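Undergrad: The structure's right below; bear with me while I get my questions together.
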Amino acid sequence: MSLFRALRPVTTATVRRSLTVSAQLNSAAPAAPLRRDDVMAAWVEYFDHPDCDYYNYRLGAQHLFSDDLLFDPVVYQAMLYSCRRFNNFPAAMRTLELIRLKCGDREDVYDWVMQELAPTLEDLGIPTVEDMNLHIVETEL
Amino acid sequence: MKFLSLARTIPEETRTTPEFNLHFYETLHVPFPLRPFQIGRPGSELAAVRAKESGDWKDLSGAEKEALYRGAFMQPITEQQQGTDMWKGIIGAMMLVMGSISCLTYELHTDVSGFKPNQAGFWYFWQPGWAQVRKNIAAENIFLEYTGSFNQRDYKHWDYVNHVWKNPQATRIDGAD
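Given below as structure tokens:
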């Protein structure tokens, strides 16, 4: 036991937040259909967790973006702050691109989501998809 | 030959750089790849920019942000949504095959079977010139009665006197008489 302890890397003490919603959802199957607010709160807790690294992020993000649903901008905000925490700028840009993909041809919805996320983008210093010209495709003639 | 390619081709100048990551895989289904597109070996420019990524993102210039994105992903989402020209190749190959089979069928029908255009089918089969053909087809039944070692015949249901099947409408069950 002591030998294993010597080989284990040193872990810093992290303050564990109390998982108010996602703990109950993950521990037992819900008896009633989940409320929309609970779903959003659970996802925000998932991405706000300090132990969320790129692997957990892409797991959650692929789960989110494979669903035919636009989540509340609070969830996307939590995702962007999570990207900031593990220092991955391209993941944040890819998230914004996927939000744009999810909105489809509803430009008004996309404008609203970007409007809600504007303070976050300004706080973190993330440009929008149009600012980085990722929405333009160069075709060969 | 762009209409024959299923995957997107990576340009050669990207493929031959030492930063190119062979294990990179990104699609619309897997938009967050586990590995970056370019490795960023220690000492390269990309590694320096990635070290700067740990600080405030407002300090990154536009070119550095672009370099970070291009170093992590091969194509933006809008480029991944583009299709290929493969459908042209598929339809072309299909037309080639169908055309060649049509030519072969026409040659067989006209030269070998002797059908004439607009004069083939059930009603023409009973014209005077076709009697020998009908006799040849009937004579094949006698060939089927040949007792060779390779002939696994269903002798129980074959009428050897009239050279036809006994009760052809009956249901035959494997293993039963």
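So the protein sequences, as listed, match chains S and H.
Read in order, the letters of the first sequence correspond to residues 1 to 141 in UniProt numbering.
Read in order, the letters of the second sequence correspond to residues 1 to 177 in UniProt numbering.
We put the CB at the ideal spot given by N, CA and C, even for glycine.
Being a predicted model, the structure only gives us computed values, none of them experimental.
Pick helix, strand or coil for residue 12 of chain S, following the three-state DSSP scheme.
TA: Position 12 of the first sequence, counting from 1, holds the residue named residue 12 of chain S. Its pLDDT being 49, under 50, residue 12 of chain S is placed unreliably in this model, and the value from its coordinates should be taken loosely. Of the three classes helix, strand and coil, the one that applies to residue 12 of chain S here is coil, per DSSP.
Undergrad: Report the CB separation of residue 86 of chain S from residue 53 of chain S in whole angstroms; it is logged as a contact under 8 Å.
TA: As a position in the first sequence, residue 86 of chain S is number 86, starting the count at 1. As a position in the first sequence, residue 53 of chain S is number 53, starting the count at 1. Indeed, because the Cβ distance is near 5 Å, the residues count as touching under 8 Å.
Undergrad: Might you give, ordered along the chain, the residues of its own chain that have their beta carbon closer than 8 Å to the beta carbon of residue 119 of chain S, omitting 5 neighbours on each side?
TA: Residue mapping note: residue 119 of chain S aligns to position 119 of the first sequence, counting from 1. Once the five neighbours on either side are set aside, residue 119 of chain S has no close Cβ partner at all.
Undergrad: Can you tell me which residues form a DSSP beta bridge with residue 116 of chain H?
TA: Locating residue 116 of chain H in the second sequence gives position 116, counting from the first residue. Looking at the DSSP assignment, residue 116 of chain H forms a beta bridge with H:119.
Undergrad: By DSSP's criteria, residue 62 of chain S is part of a beta bridge. Which residues make up the other side?
TA: The residue given as residue 62 of chain S occupies position 62 in the first sequence. Looking at the DSSP assignment, residue 62 of chain S forms no beta bridge with any residue, so it has no partner.
Undergrad: Using DSSP with H/G/I as helix, E/B as strand and the rest coil, what is residue 112 of chain S?
TA: Here residue 112 of chain S refers to the residue found at position 112 of the first sequence. In this structure, residue 112 of chain S counts as helix in the three-state DSSP scheme.
Undergrad: Whose C-beta lies closer than 8 Å to the C-beta of residue 81 of chain S among residues of the same chain, with five residues either side of it excluded?
TA: The sequence position of residue 81 of chain S within the first sequence is 81, counting from 1. Closer than 8 Å at Cβ, skipping near neighbours: 47, 48, 120 and 124.
Undergrad: From which residue to which residue does the alpha helix (DSSP H) around residue 26 of chain S run?
TA: Counting from one through the first sequence, the residue named residue 26 of chain S turns up at place 26. Element bounds for residue 26 of chain S: 22–27.
Undergrad: Would you give the residue range spanned by the alpha helix (DSSP H) that residue 78 of chain H belongs to?
TA: For the purposes of this step, residue 78 of chain H is identified with residue 78 of the second sequence, where counting begins at 1. It spans 77–80 - the alpha helix (DSSP H) in which residue 78 of chain H sits, taken as one unbroken run.
Undergrad: Give every residue of the same chain whose Cβ lies closer than 6 Å to the Cβ of residue 135 of chain S, excluding the five residues on either side of it in the sequence, and list them in chain order.
TA: Counted from its first residue, the first sequence places residue 135 of chain S at position 135. Contacts found: 129.
Undergrad: Taking its Cβ as the centre, do 16 or more other Cβ atoms sit within 10 Å of residue 15 of chain H, making it buried, or is it exposed?
TA: Position 15 of the second sequence holds residue 15 of chain H. Counting Cβ neighbours within 10 Å, residue 15 of chain H comes out exposed, since fewer than 16 surround it.
Undergrad: Can you give the beta carbon distance from residue 65 of chain H to residue 127 of chain S, rounded, assuming they're within the 8 Å contact cut?
TA: Here residue 65 of chain H is taken as the residue at index 65 of the second sequence, counted from 1. Here residue 127 of chain S is taken as the residue at index 127 of the first sequence, counted from 1. Between residue 127 of chain S and residue 65 of chain H the Cβ distance is about 7 Å, and since that is below 8 Å, they are a contact.
Undergrad: With contact counted as at least three CB pairs below 8 Å, one residue from each stretch, are the stretch 50–69 of chain S and the stretch 43–54 of chain H in contact?
TA: No, they do not touch.
Undergrad: Between the C-alpha atoms of residue 115 of chain H and residue 155 of chain H, what's the straight-line distance to the nearest angstrom?
TA: Start at 1 with the first residue of the second sequence, and residue 115 of chain H comes out as number 115. Start at 1 with the first residue of the second sequence, and residue 155 of chain H comes out as number 155. The straight-line gap from Cα to Cα measures roughly 35 Å.
Undergrad: Which chain H residues are close to residue 126 of chain S, counting only those with a beta carbon under 8 Å from its beta carbon?
TA: Here residue 126 of chain S refers to the residue found at position 126 of the first sequence. Ordered by position in chain H, the residues that pass the 8 Å Cβ test against residue 126 of chain S are 57.
Undergrad: Which residues in chain H sit within 8 Å of residue 77 of chain S, going by Cβ to Cβ distance?
TA: One-based indexing of the first sequence puts residue 77 of chain S at position 77. Correct list: empty, because the minimum Cβ distance to chain H is about 15 Å.
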